[in-house]
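Per my numbering, the very first residue in the sequence shown carries number 108; after that it's consecutive.
Cβ coordinates follow ideal geometry from the N, Cα and C atoms, glycine included.
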Amino acid sequence: MRKFIFILFLLLFGFSLVNSQVIINEICSSNAESLLDEDYEASDWIELYNSGDSPVRLKDWRIYDKNNFAKAWVLPDTIINAKSYLILFASDKNRISSGNYLIEAGGQGAVEWAKDDYFHYEYLKVAGDFDISVKIPFFQSEFLFGLAGLMLRDSLNSSSSYISMNSQIQRRGSYFCVFREEQGGVPAVIHASQPIQFPNVFVRLKRQGDIVSSYLYQKNSMDWFSYGKFQYKNNDSVYLGIAISGTENGKLSKGLFKDLVLNGDTISFAKLSSFNNTGQEFNKRFYKELHTNFALSKEGEALFLWNSKAELVDSLTFPELKTDVSYGRYPNGENEFAYFYPSTPSSENANPCYAFAEEPEFSIEAGWYDAGFSLTFLNIKPNETVYYTLNSSEPNENSFLFEGNPIEIGKTTIVRAKTYAKNSVPSQTVSKSYFVEENTHKLPIVSVIVDSLDLWQNERGIMNPSNIFKKLEVMADFEFYETSKTHPNFSGKAGMKLHGGASRSKYPQKSFSLIAKSRYGLPKFEYTFFKDNNYETYDKLLIRNAGGDWGKAFLRDGFACKLALQMNLGASNYRPAVLYINGEYFGLQNLRERIDDEHISIKYGLSKNNLNLIEDKAVPLCGSRDSYLKLLDFIENNDMSNPDLFKQVEKLVDLKSLINYFVFRIWSGITDWPDYNQKFWSSSDYDGKWRWVVYDSDIALGNNFNYINYSLFVLKDSTKMFSKMMIKLLENEQFKYDMLNGFAGIFATKLHKSNSIPLLESIAEQLKDEIPSQQKRWEGSALDWENEVRAIKEFLLERNYSVLSNLLTYYKLNGMGEIICESSNIEGGDFKLHGIERKDFLGSMKYFQGIPVMLEAVPKQGYEFVSWGNPLLPDSSRLRIAFDSAEVVLNPIFKLKENPEERTIIFNEIMYKSSKDLKCDDWVELYNTAEETIDISNWIFKDDDDKHIFLIPEGTSVKPKEYLVLCENEESFSNSYPNVKNYIGSFSFGLGRPDIVRLFDASNNLIDSVAYSHLSPWDENADGTGFSLELDKFISDNNNPANWYAAHIYGGTPGELNSEQVSVQEFEASSGIHFSCYPNPLSDYSTI
């Protein structure tokens, strides 16, 4: 059958093969651990094999995942020896050399327990002071105690005194400074408990006089950290270089080195001399790892190999593969194909498998049960065997064998099962939590299932005290329950790590991160874990122990982030939850989002390639910090009181977001800020401006400090980057006014007690019933909880007054004033203060006396502004004015326009979330209802965020009864609708679900707006289905959801008459999009 499929494939693709001794022998398209590349990444890989008896030169050969020689990746001048292998990493990195230098070693090694050293050494002889550093992108050793790093020696004698700074392998996870003070002595060790994270490992040795210092590079501070100082009085020339050691005879350690720098000069590895006393052959060479310009499809595809004459010499078609399972020829070079698990890169294909065992099917779903029950496994095939465990361990062929007798589940139990079959790849382990007669919870529940060895074993256990600061990751199953009376609402496999900094050792209850990865089966978590997010895709979830609030209210950071999100600041959403690990109650936890590059990319619809994410001391987490450092330099070295110079800052910083962030951080009284706990980002996919993110507010909101005096003075007490930047920016008078008005406006809205206290009380109410169980499970946690919550409430009652008083003192202002509006219902419009609509004020409309404020009249459609109803104010609808009095009375007056204009340009169609198959990005359609052409040059399109602006180009007009599409991405739109020509773009923001689309003319008058939603009463069939929202009739009220419907045609009708009035045939002819029905012939149902 496999031969038949292969022959059929040849016929379908219409090509012939030239006989070749070099063939595609094995591939892995879902690599996780089978083979790591020099970047310490699990790239897909392809194995070529020379089946002949002579070497073959592969210069100008090509390989590709499409039958297209012209676009195929070109192999460099490489020779593959007879009966030998060549690995190509299908990584899409497109390179043949990275400049890394490879050295290998075996033998007994250079270790602290031996008087003689056995190592491979590449060295120079130097005299006097020196400073040498090197990068170690990759290190692999069969034995845990292998070392790679820098070494200083008196001589090449195996018992010579020496000093070395080394990296271990990543799963061992730390740095070793090994040194022998006197010849013939036993070496000593300084152990640096810093996590190893290849490829970013750097070590350094520096001599000044008689002192030699060893260093490692800390990414979080972007600086060298000294881990040892040694007396060294040898004034003669010494040996200095890179070294690698094994510790086990017959097995090689392999290290890659890069960027060897001595006294500021880069040293070529080719200039080093070699020494090897291990008694084994070794390699030393510049490493040429081959990376193609394409990656492999996990769903399966074909590969093609051509010789230099453009003759197709081999092809291989592979199916969808599971993680770390490869597919290839068996035996080597033959035309029989099989799966291999484990895979066999650069070695003979062995132990072939011809199928995948089916995952075991449980008779009872995971969940919460009031009584015990009997469990069985269903639909087991004759050639399959199911093994299971009841203690959370990973099942194998030594576990319980299921022989048909029911398994009695009488108490809370974790059942894990795996299917085995002859000549088959074993199934993935399937895990289920059965909670029997357990206490119920009002909060959501996360149940994590993980092998106990992965929790507690000495070398790999993430909760073993010796490992808590290592970046160890283990595989876990997890289930998410909305309530404790249901089956799981979501379940899947994930990577699991410890999370946090000092809290890892400070508190017995740990925090964890759950990480979605293809290698575990889920590239993303797709579920609405946080109901108020407008997205449901997550790459990580945090299960957090409340950090610095663990012993107190257990909610400060989550509550603070909820408030920050209400202010449209970036923040990690929060939901209290209960955690079980392997069926054991692990207590109350905070379910959180992880603020990283993936989170920001998903939330704002950005490409990670165009994202810069930075934390604290300008440490880049993603992208580059260069533009931020240039911004700081510009601010520091220029007069910010100069309006023209300040405008340059406005182009690079979202100042409104910065003010909101600053107001929030000052208000919250956080004590480990601004020196720490900062993250900020920019993206060319957005508007290129820097924005700040709120996170880690555990030590805030009155937590263990005198918050009354902790206010704006914090800037003067800090010399850190953020403080220096803000002090300089506040030299600008207008920015200072905007900042002060930000305090006044936000304190009367989102941070007013009428908003903050109900939010606090709602969270506390959710936690209340769980607190006794938490206190019982973890001694010292949530102590005196009710008084802690009461203390936060007191903070919320008093904080605004204390901050405002502080500002009055700081800036020597006369006091606060209040705007009084005597009319509770202003006919024809309303007004804004500080950019905030009157209806959104929860407290008095306050202002600082003597500080200019912005007043803006907002007439309703068909009305126009007349006056402020105050004879002292000019009759301008927009005023920037300073009030010196303690009270100002306003009674804005509006009147009907004498000749109200009909709406001419309206929103007629909206595509706010297409389907996965229709990659058109977002768009809206405008329609001109008038009888004449309307010039819309310099009109403005916005969503619900005022900073999201698309300026319609000069010279743009819409003819009568015609359409114009505004699209997020012109290229995506054009590819999806090739026959539609009446479109412009691209706007730099995506549309949300829900959102508001707004159109303003060149004078900033609102022309039309639609506030739509993805939820009923709006048509939910337009949400992610590929069907747009269409307006029923041009004259309809387009803010009434009853007048909108999901398009009747897939893709909608951009630039055309809406689908209610057009046939499929007409649309196909006009748009270039065609439809087919399946199945064919039609059965009970068909899909268009």
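(request) Thinking I1091 and L1071 are a contact (beta carbons under 8 Å), I'd like their distance in whole angstroms, please. (result) Between I1091 and L1071, the beta carbon gap of about 7 Å places them in contact (Cβ cut-off 8 Å).
(request) For the beta strand (DSSP E) containing N697, list its first residue and its last residue. (result) Per DSSP, N697 belongs to the beta strand (DSSP E) from E691 to E700.
(request) Take L579 and list the residues in its own chain whose beta-carbon comes closer than 6 Å to its own, dropping the five residues that flank it on each side. (result) Excluding residues up to 5 positions away in sequence, I569 lie with their Cβ nearer than 6 Å to the Cβ of L579 in the same chain.
(request) Kindly indicate the opening and closing residues of the beta strand (DSSP E) around G435. (result) Note, G435: beta strand (DSSP E), S433 to R436.
(request) Tell me where the alpha helix (DSSP H) around R772 begins and ends. (result) Boundaries of the alpha helix (DSSP H) around R772: L762 to S775.
(request) Would you tell me roughly how many angstroms separate the C-alpha atoms of I1000 and F850, rounded to the nearest one? (result) Looking at the two C-alpha atoms, the distance is approximately 28 Å.
(request) Return the first residue and the last residue of the beta strand (DSSP E) that P750 is part of. (result) That residue, P750, is in no beta strand (DSSP E); its alpha helix (DSSP H) goes P750 to E757.
(request) Report the partner residues of K617 according to the DSSP bridge assignment. (result) In the DSSP secondary-structure assignment, K617 is not bridged to any residue.
(request) Can you give me the Cβ contacts of L231 inside the same chain, cut-off strictly under 8 Å, excluding the 5 residues immediately before and after it? (result) So the list reads Y346, L347, G348, L369, I374, K378, L379 and S380, once near-sequence residues are dropped.
(request) Pull up the distance between the alpha-carbon of G1062 and that of D431, whole angstroms please. (result) Annotation: G1062 to D431 spans about 57 Å, alpha carbon to alpha carbon.
(message) With distance defined between alpha-carbon atoms, name the residue in S791, E840 and I471 nearest to P750.
(response) E840 is the residue among S791, E840 and I471 whose C-alpha sits nearest the C-alpha of P750.
(request) Take the Cβ of L312 as the centre, count every other Cβ of all protein chains shown within 10 Å, and call the residue buried at 16 or more, exposed below. (result) The residue in question, L312, is buried, as its Cβ has 16 or more Cβ neighbours within 10 Å.
(message) Tell me the residue span of the alpha helix (DSSP H) that contains D734.
(response) The displayed chain sequence assigns Ser, not Asp, to residue 734. Here the alpha helix (DSSP H) through S734 covers D733 to E743.
(request) Just mark S1228 as buried or exposed, buried being the case when its beta carbon has 16 or more other beta carbons within 10 Å. (result) Summary: the structure shown does not reach residue 1228, with the chain confined to residues 108 through 1195, and so no result is reported for it.
(request) For the alpha helix (DSSP H) holding K1002, just list the boundary residues, first then last. (result) It is not in any alpha helix (DSSP H) - K1002 instead sits in the beta strand (DSSP E) that spans I1000 to L1003.
(request) Within its chain, find whatever has a CB closer than 7 Å to the CB of W331; leave out the 5 residues flanking it on each side and keep chain order. (result) Annotation for W331: R311, Y322 and Y324 place their beta carbon closer than 7 Å to its own, counting only its chain and skipping 5 residues before and after.
(request) State buried or exposed for A445, treating a residue as buried only when at least 16 other CB atoms are found within 10 Å of its CB. (result) Buried is the call here.
(message) Quick check: the Cα distance between I1043 and L997, rounded to an integer number of angstroms?
(response) Approximately 35 Å, taken between the alpha carbons.
(request) Whole angstroms is fine: what's the gap from S127's alpha carbon to D421's? (result) S127 and D421: Cα-Cα distance of roughly 7 Å.
(request) From the DSSP output, in three-state form, read off L890 for me. (result) Coil at L890, not helix or strand.
(request) Measure the Cβ-Cβ separation of L254 and F283 and say whether it is below 8 Å. (result) Contact flag set, yes.
(message) With H, G and I counted as helix, E and B as strand and the rest as coil, what does DSSP make of S1201?
(response) Nothing about residue 1201 can be reported from this structure: the residues present for the chain run from 108 to 1195 only.
(request) Output the boundary residues of the alpha helix (DSSP H) element that contains S1203. (result) The shown model of the chain, from 108 to 1195, leaves out residue 1203, and the question about it has no answer.
(message) Suppose you measure from the CA of V319 to the CA of K710; what does that come to, to the nearest Å?
(response) Answer to the nearest angstrom: the Cα atoms are 49 Å apart.
(request) For N717, I'd like the list of residues in its chain whose CB is within less than 6 Å of its CB, leaving aside the five on either flank, ordered along the chain. (result) Sequence-distant Cβ neighbours of N717 in its own chain, meaning closer than 6 Å and more than five residues away, are S790, S791 and D792.
(request) Take S830 as the anchor and find which of R884, R772, Q247 and W885 has the nearest alpha-carbon. (result) Nearest in C-alpha terms to S830, of all of R884, R772, Q247 and W885, is R772.
(request) Could you spell out where the beta strand (DSSP E) holding P727 opens and where it closes? (result) Unbroken beta strand (DSSP E) run through P727: V726 to C729.
(message) Counting C-beta neighbours from all protein chains within 10 Å, is the total for F938 16 or more, i.e. buried, or is it exposed?
(response) By the neighbour-count criterion, in which 16 or more other beta carbons inside 10 Å mark a residue as buried, F938 falls on the buried side.
(message) I'd like the list of long-range same chain contacts for Y783, defined as Cβ closer than 7 Å, with 5 residues on each side in sequence excluded.
(response) Taken in chain order, the residues that qualify are D723.
(message) Looking at L676: is its Cβ nearer than 8 Å to the Cβ of N767?
(response) In this structure, N767 lies closer than 8 Å to L676 by Cβ.
(message) Buried or exposed, going by whether 16 or more other CB atoms sit within 10 Å of the CB of H594?
(response) Flag for H594 reads exposed.
(message) Could you tell me the alpha carbon to alpha carbon distance between G852 and I742, rounded to whole angstroms?
(response) When rounded, the distance between both Cα atoms is 27 Å.
(message) Can you look up P630 in the DSSP assignment and give me helix, strand or coil?
(response) Look at P630 here: in three-state DSSP terms it is coil, with no helix or strand label.
(message) Please classify P1186 as buried or exposed, where buried requires at least 16 other C-beta atoms within 10 Å of its C-beta.
(response) Bear in mind that the predicted position of P1186 carries a pLDDT of just 30, short of 50, making it too unreliable to give a figure here.
(message) Just to confirm before moving on: does the CB-CB distance between N640 and N680 stay below 8 Å?
(response) Taking 8 Å as the cut-off, the beta carbon of N640 is found closer than this to the beta carbon of N680.
(request) Look at the alpha carbon of A906 and the alpha carbon of F364, and state the distance between them as a whole number of angstroms. (result) The sequence shown places Arg at residue 906, not Ala. Rounded to whole angstroms, R906 and F364 show a C-alpha spacing of 55 Å.
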